[in-house]
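2 protein chains.
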Amino acid sequence: MSDPTPSTRDRILKAALLAFARDGIQGATTRTIAQEAGVNEVTLFRHFQNKEGLLAAVMVHVVQSRHQDASGDDAEWTGDLKQNLQRFAEDLYAKLVGDEPFLRTMIGEGRRHQDHAKTVIMDAVKPVRDRFIANLETARKAGLVREDIDLGIASDAFTAMLFGGMLRSTGGCSWGYEVPQFVSTCVDVFAAGLAPQPQS
Amino acid sequence: MSDPTPSTRDRILKAALLAFARDGIQGATTRTIAQEAGVNEVTLFRHFQNKEGLLAAVMVHVVQSRHQDASGDDAEWTGDLKQNLQRFAEDLYAKLVGDEPFLRTMIGEGRRHQDHAKTVIMDAVKPVRDRFIANLETARKAGLVREDIDLGIASDAFTAMLFGGMLRSTGGCSWGYEVPQFVSTCVDVFAAGLAPQPQS
DNA sequence: GCCAAATGCAAGTGCTCACTTACATATGCG
DNA sequence: CGCATATGTAAGTGAGCACTTGCATTTGGC
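Just so you know, the protein sequences line up as chains V and C, in that order.
In terms of the working numbering, the first sequence opens at residue 1 and continues consecutively.
In terms of the working numbering, the second sequence opens at residue 1 and continues consecutively.
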């Protein structure tokens with residue numbers, strides 16, 4: 001009971017994450033989760049007392065795994081701001097696409113599970129944000145970023161562009177351009193918008 | 001049957017929209033919708049054969065009402081690009097906030113109802129986008145916007161910033177700034193990013 | 001006043017869901 | 001082997017859901 005065979009618990013968590021992301025929290029059923037985990041439904045309830053307990057466990061599991069994933073990719077920022085932004089944008093965009101169903105579920109049902117949403121945000125997205133802001137700050141010290149804007153807002157606006165682009169591209173409508181072009185344009189406009197102004 | 005008393009049908013539609021937005025499509029129940037419409041549940045099924053029919057009717061109702069709302073606010077674009085962007089951003093942001101629960105539901109469950117999602121997007125958001133792009137285009141002809149970027153992408157990136165800001169501000173976390181500052185900064189960065197560059 | 005249409009009301013049907021109970025089987029460890 | 005722990009199987013419980021049926025009541029136009 002203290003340390004159940006990891007493979008069973010992990011298989012359930014993995015299947016549950018997939019089901020919650022794909023079908024929504026309301027829509028996911030313990031039956032299908034157990035089935036897709038290759039496990040009896042009763043076993044699911046023996047590991048996590050109820051659906052809410054399973055959901056909570058999935059959330060900490062998500063935070064942990066994203067934290068591991070993100071530990072390595074603190075890509076070095078060179079002197080070229082635009083190039084750094086481009087690399088950051090491509091990395092982030094790929095991750096957003098990879099987490100698309102989960103992110104959609106969090107947007108849609110996050111307000112009905114504010115506690116979980118907040119911990120996921122604080123433990124998984126805030127660190128990335130903080131690193132990005134810090135990088136912008138050093139770029140500013142190097143004179144590459146204008147002084148009159150809040151870098152937290154700038155960071156949030158930039159990631160929001162990419163996030164919106166992901167939602168659009170995965171939404172099934174055609175908008176007359178391709179993803180790489182979208183990302184590059186975002187980087188271009190944002191970099192130009194951050195650059196020290198001639199004068200106002 | 002051909003033209004049922006408008007008030008009943010409309011009350012159901014209104015309550016259904018509210019419930020779908022608040023509780024999600026899966027989460028909303030015909031019982032609570034009928035209750036909140038002040039109508040017997042059977043009446044609901046007599047007007048719309050089933051939950052899916054109700055959902056479809058709600059979608060066309062949404063599109064129609066948004067279309068009416070948007071008919072008047074084609075605010076004039078003066079010569080000052082930044083001022084135009086600021087006004088557009090404030091208007092759009094207010095509308096996004098007003099539609100927050102519905103938008104969250106569409107993000108979260110839209111992929112499971114792609115048909116409805118597409119018509120809502122095509123009939124309600126694309127017109128706004130097209131007008132915005134057209135305005136950017138005339139600004140470009142006036143020499144206020146650089147030539148080397150796709151205005152469709154620019155438009156989508158700009159609205160995505162505002163959309164992301166709305167999600168953030170309504171998400172219950174504090175990010176160290178207030179909404180008007182966020183909107184103004186988005187406008188500032190975007191306007192600077194669109195401005196014709198000195199040279200690259 | 002009369003009739004048809006719209007609505008209300010009470011009850012019920014069949015289904016699915018989260019969750020439980022009781023018992024059988026496997027697996028690993030001393 | 002013997003025992004504890006993890007898992008499987010079968011069956012069931014109570015609740016909520018979408019949706020239906022039959023009948024009573026209102027309402028508005030003729």
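A virtual CB, placed ideally from N, CA and C, is assigned to each residue, including glycine.
- Item | Contacts that residue 201 (chain C) makes with chain V (C-beta to C-beta distance below 9 Å) | Since the first residue shown for chain C is 1 and the last is 200, residue 201 (chain C) is missing from the structure and cannot be characterised.
- Query: Any beta-carbon of chain V closer than 9 Å to the one on residue 192 (chain C)?
  - Reply: In the second sequence, the residue the question calls residue 192 (chain C) occupies position 192. So, interface residue.
- Message: Can you tell me whether residue 39 (chain V) is helix, strand or coil according to DSSP?
- Response: As a working mapping, residue 39 (chain V) is identified with position 39 in the first sequence. Three-state DSSP puts residue 39 (chain V) in coil, outside helix and strand.
- Which two residues bound the contiguous alpha helix (DSSP H) that contains residue 125 (chain C)? Residue numbering aside, residue 125 (chain C) sits at position 125 when the second sequence is read from its first letter. Per DSSP, residue 125 (chain C) lies in no alpha helix (DSSP H) and is assigned neither H nor E.
- Between the Cα of residue 99 (chain C) and the Cα atoms of C:39, C:20 and C:28, which residue gives the shortest distance? Taking the second sequence and counting its residues from 1, one reaches residue 99 (chain C) at position 99. It is C:20.
- Task: Classify residue 197 (chain C) as helix, strand or coil using the three-state DSSP reduction.
- Result: For the purposes of this step, residue 197 (chain C) is identified with residue 197 of the second sequence, where counting begins at 1. DSSP places residue 197 (chain C) in coil when its eight states are reduced to three.
- Task: Report yes or no: do three or more beta-carbon pairs, one from the region 162-176 of chain V and one from the region 101-121 of chain C, lie closer than 8 Å?
- Result: Because the criterion of three Cβ pairs below 8 Å is met, the region 162-176 of chain V and the region 101-121 of chain C touch.
- Message: Do residue 103 (chain C) and residue 58 (chain C) have their beta-carbon atoms positioned less than 9 Å apart in this structure?
- Response: Position 58 of the second sequence, counting from 1, holds the residue named residue 58 (chain C). Position 103 of the second sequence, counting from 1, holds the residue named residue 103 (chain C). In terms of Cβ geometry, residue 58 (chain C) and residue 103 (chain C) do not form a close pair [threshold 9 Å].
- Item | Among C:37, C:186 and C:25, the one whose alpha carbon lies nearest that of residue 11 (chain C) | In the second sequence, the residue the question calls residue 11 (chain C) occupies position 11. Minimum Cα-Cα distance from residue 11 (chain C) among the listed residues C:37, C:186 and C:25 corresponds to C:37.
- In chain order, what residues of the same chain have a beta carbon less than 6 Å from the beta carbon of residue 190 (chain C), not counting five sequence neighbours either side? As a position in the second sequence, residue 190 (chain C) is number 190, starting the count at 1. Taking residue 190 (chain C) as the centre and dropping the five residues before and after it, the same chain places the C-beta of 158 closer than 6 Å to its C-beta, in chain order.
- Query: Would you say residue 101 (chain C) reaches chain V, if we count a Cβ-Cβ gap shorter than 9 Å as a contact?
  - Reply: Here residue 101 (chain C) is taken as the residue at index 101 of the second sequence, counted from 1. Under the Cβ criterion of 9 Å, residue 101 (chain C) is counted among the residues facing chain V.
- Message: Please identify, using Cβ separations under 7 Å, the residues of the region 39-65 of chain V that lie next to chain C, in order along the chain.
- Response: Under the 7 Å Cβ criterion, the region 39-65 of chain V contributes no residue.
- How would you list, in chain order, the residues of chain V whose beta-carbon sits under 8 Å from the beta-carbon of residue 177 (chain C)? In the second sequence, counting from the first residue as 1, residue 177 (chain C) sits at position 177. The CB of residue 177 (chain C) comes closer than 8 Å to the CB of 150, 152 and 153 in chain V, given here in chain order.
- Using a Cβ-Cβ cut-off of 9 Å, state whether residue 131 (chain C) counts as contacting chain V. Counting from 1 along the second sequence, the entry for residue 131 (chain C) is found at position 131. No, residue 131 (chain C) lies away from the interface with chain V (no Cβ there is under 9 Å from its Cβ).
- Message: Less than 9 Å between the C-beta atoms of residue 107 (chain V) and residue 107 (chain C), yes or no?
- Response: On the first sequence, position 107 is the one that residue 107 (chain V) refers to. On the second sequence, position 107 is the one that residue 107 (chain C) refers to. Cβ atoms of residue 107 (chain V) and residue 107 (chain C): closer than 9 Å.
- Message: Tell me the DSSP secondary structure of residue 201 (chain V) in three-state form.
- Response: Here chain V covers residues 1 to 200 and nothing more, so residue 201 (chain V) does not appear.
- Query: Any chance the region 137-151 of chain V sits against the region 48-63 of chain V, with 3 or more Cβ pairs inside 8 Å?
  - Reply: The region 137-151 of chain V makes no contact with the region 48-63 of chain V, as fewer than three CB pairs between them are under 8 Å.
- Going along the chain, which residues of its own chain have a beta-carbon closer than 6 Å to the beta-carbon of residue 82 (chain V), five neighbours each way excluded? On the first sequence, position 82 is the one that residue 82 (chain V) refers to. Correct list, in chain order: 191.
- Taking 9 Å as the CB-CB limit, is residue 105 (chain V) close to chain C? Position 105 of the first sequence holds residue 105 (chain V). Yes, residue 105 (chain V) counts as interfacial toward chain C.
- Message: Run through chain V and tell me which residues come within less than 8 Å of residue 114 (chain C), C-beta to C-beta.
- Response: In the second sequence, the residue the question calls residue 114 (chain C) occupies position 114. Neighbours of residue 114 (chain C) on chain V, chain order: 172.
- Message: Could you check whether residue 183 (chain V) and residue 162 (chain V) sit closer than 9 Å to each other, using their CB atoms as the reference points?
- Response: Sequence index remark: in the first sequence, residue 162 (chain V) carries index 162 (1-based). Sequence index remark: in the first sequence, residue 183 (chain V) carries index 183 (1-based). Yes; because the gap between Cβ atoms is below 9 Å, this pair is in contact.
- Message: Does chain V have any CB closer than 9 Å to the CB of residue 189 (chain C)?
- Response: For the purposes of this step, residue 189 (chain C) is identified with residue 189 of the second sequence, where counting begins at 1. Yes, because at least one Cβ of chain V sits closer than 9 Å to the Cβ of residue 189 (chain C).
- Starting from residue 33 (chain C), find everything on chain V with Cβ-Cβ shorter than 9 Å and list it in chain order. As a working note, residue 33 (chain C) is residue 33 in the second sequence. Within 9 Å Cβ-Cβ: nothing; residue 33 (chain C) doesn't reach chain V, min ~16 Å.
- Counting only the same chain and skipping the five closest in sequence on each side, list residues whose C-beta sits under 6 Å from that of residue 66 (chain C). Here residue 66 (chain C) corresponds to residue number 66 of the second sequence, with the count starting at 1. Setting aside the 5 residues that flank it on each side, residue 66 (chain C) is surrounded in the same chain by 124, each with a C-beta closer than 6 Å to its C-beta; the list follows chain order.
- Task: Report the residue from V:30, V:90, V:15 and V:79 whose alpha carbon sits nearest the alpha carbon of residue 186 (chain V).
- Result: Here residue 186 (chain V) refers to the residue found at position 186 when the first sequence is read from its first residue. Of the residues V:30, V:90, V:15 and V:79, the one whose Cα lies closest to the Cα of residue 186 (chain V) is V:90.
- Using the beta-carbon of each residue, which ones in chain V are nearer than 7 Å to residue 167 (chain C)? Position 167 of the second sequence, counted from the first residue, corresponds to residue 167 (chain C). Below the 7 Å Cβ cutoff, chain V contributes 107 as neighbours of residue 167 (chain C), in chain order.
- Taking only runs of the alpha helix (DSSP H) that begin and end inside the region 54-119 of chain C, which ones reach a length of at least 4 residues, in chain order? You should have 81-98 and 100-109.
- Message: Could you check whether the Cβ of residue 182 (chain C) sits closer than 9 Å to any Cβ belonging to chain V?
- Response: One-based indexing of the second sequence puts residue 182 (chain C) at position 182. Closer than 9 Å: yes.
- Between which two residues does the alpha helix (DSSP H) harbouring residue 168 (chain V) extend? Mapped onto the first sequence, residue 168 (chain V) falls at position 168. Where residue 168 (chain V) is concerned, the enclosing alpha helix (DSSP H) stretches over 151-169.
- Does the separation of the CB atoms of residue 193 (chain V) and residue 193 (chain C) fall below 9 Å? Position 193 of the first sequence holds residue 193 (chain V). Position 193 of the second sequence holds residue 193 (chain C). Against a cut-off of 9 Å, the Cβ pair of residue 193 (chain C) and residue 193 (chain V) comes out as a contact.
- So, is residue 7 (chain C) buried or exposed, given that buried needs 16 or more other C-beta atoms within 10 angstroms? Position 7 of the second sequence, counted from the first residue, corresponds to residue 7 (chain C). Classification for residue 7 (chain C): exposed.
- Query: According to the Cβ coordinates, are residue 44 (chain C) and residue 25 (chain C) closer than 9 Å?
  - Reply: To locate residue 44 (chain C), count along the second sequence from 1; it is residue 44. To locate residue 25 (chain C), count along the second sequence from 1; it is residue 25. In this structure, residue 25 (chain C) does not lie closer than 9 Å to residue 44 (chain C) by Cβ.
- Item | Short Cβ contact (9 Å threshold) for residue 168 (chain V) with residue 101 (chain V) | Along the first sequence, one-based indexing puts residue 168 (chain V) at 168. Along the first sequence, one-based indexing puts residue 101 (chain V) at 101. Going by C-beta atoms, residue 168 (chain V) is not nearer than 9 Å to residue 101 (chain V).
- Contact list for residue 12 (chain V) against chain C, beta-carbon separation under 9 Å: Counting from one through the first sequence, the residue named residue 12 (chain V) turns up at place 12. Residues of chain C passing the Cβ test: none, with the nearest at roughly 22 Å.
- Query: Would you report the Cα separation of residue 34 (chain V) and residue 41 (chain V), rounded to the nearest angstrom?
  - Reply: Indexing the first sequence from 1 puts residue 34 (chain V) at position 34. Indexing the first sequence from 1 puts residue 41 (chain V) at position 41. Distance between the alpha carbons of residue 34 (chain V) and residue 41 (chain V): 5 Å.
- Message: Checking 9 Å against the spacing of the C-beta atoms, do residue 164 (chain V) and residue 156 (chain C) come in under that value?
- Response: Sequence index remark: in the first sequence, residue 164 (chain V) carries index 164 (1-based). Sequence index remark: in the second sequence, residue 156 (chain C) carries index 156 (1-based). Cβ atoms of residue 164 (chain V) and residue 156 (chain C): closer than 9 Å.
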